[in-house]
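Residue numbers (our numbering): 7 to 103.
A virtual CB, placed ideally from N, CA and C, is assigned to each residue, including glycine.
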Amino acid sequence: MKKCEFEWDDSKDQVNREKHGVSFYEAQQAFLDSNRVIAEDLEHSEHEPRYYCFGKVADAIMTVRFTYRMHRIRIIGAGYWRKGKKIYESAQKDSVH
């Protein structure tokens, strides 16, 4: 299995921790969920393709906004939002049927 490399802007990480209570270091865990859901972020993909990762971290579903740069996952934002949880749960139901 190929190892993923992550990167982020430290100042954005600090702002994200203050605003959403989640560090980008912690956000990496969402990608470890074998049931994670990856979706395109069409609303914010004007300059480069952006994506969402919805993954379980501890007992909650985390939403991580990210892009790929130079073969690395660059985290842009992360938090626990109801919409992300709904998308994750819907995908899990769809995969069972």
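If I measure Cβ to Cβ from residue i and keep anything under 6 Å in the same chain, skipping five residues before and after, which residues do I get?
i, result
"residue 7", "Confidence is the limiting factor: at residue 7 the pLDDT is only 45, short of 50, which leaves the residue's position unreliable and the question unanswerable from this model."
"residue 14", "30, 81"
By Cβ distance below 7 Å, which residues in the same chain neighbour residue i in space, the five residues on each side in sequence not counted?
i, result
"residue 42", "36, 59, 60, 61"
Suppose the cutoff is 8 Å on Cβ atoms and the five residues either side in sequence are ignored; what does the same chain contact list for residue i look like?
i, result
"residue 56", "46, 47, 50, 71, 72, 73, 82"
If we require 3 or more residues per run, which beta strand (DSSP E) segments fall completely within the region 27 to 87? With a minimum length of 3 residues, the continuous beta strand (DSSP E) runs that stay inside the region 27 to 87 are 43 to 46, 57 to 63, 66 to 75, 78 to 85.
Three or more C-beta pairs below 8 Å linking the region 78 to 86 and the region 23 to 34: Counting Cβ pairs under 8 Å, three or more are found: they touch.
Quick check: the region 85 to 94 against the region 65 to 74, are there 3 or more CB pairs under 8 Å? Contact holds: three or more Cβ-Cβ distances are below 8 Å.
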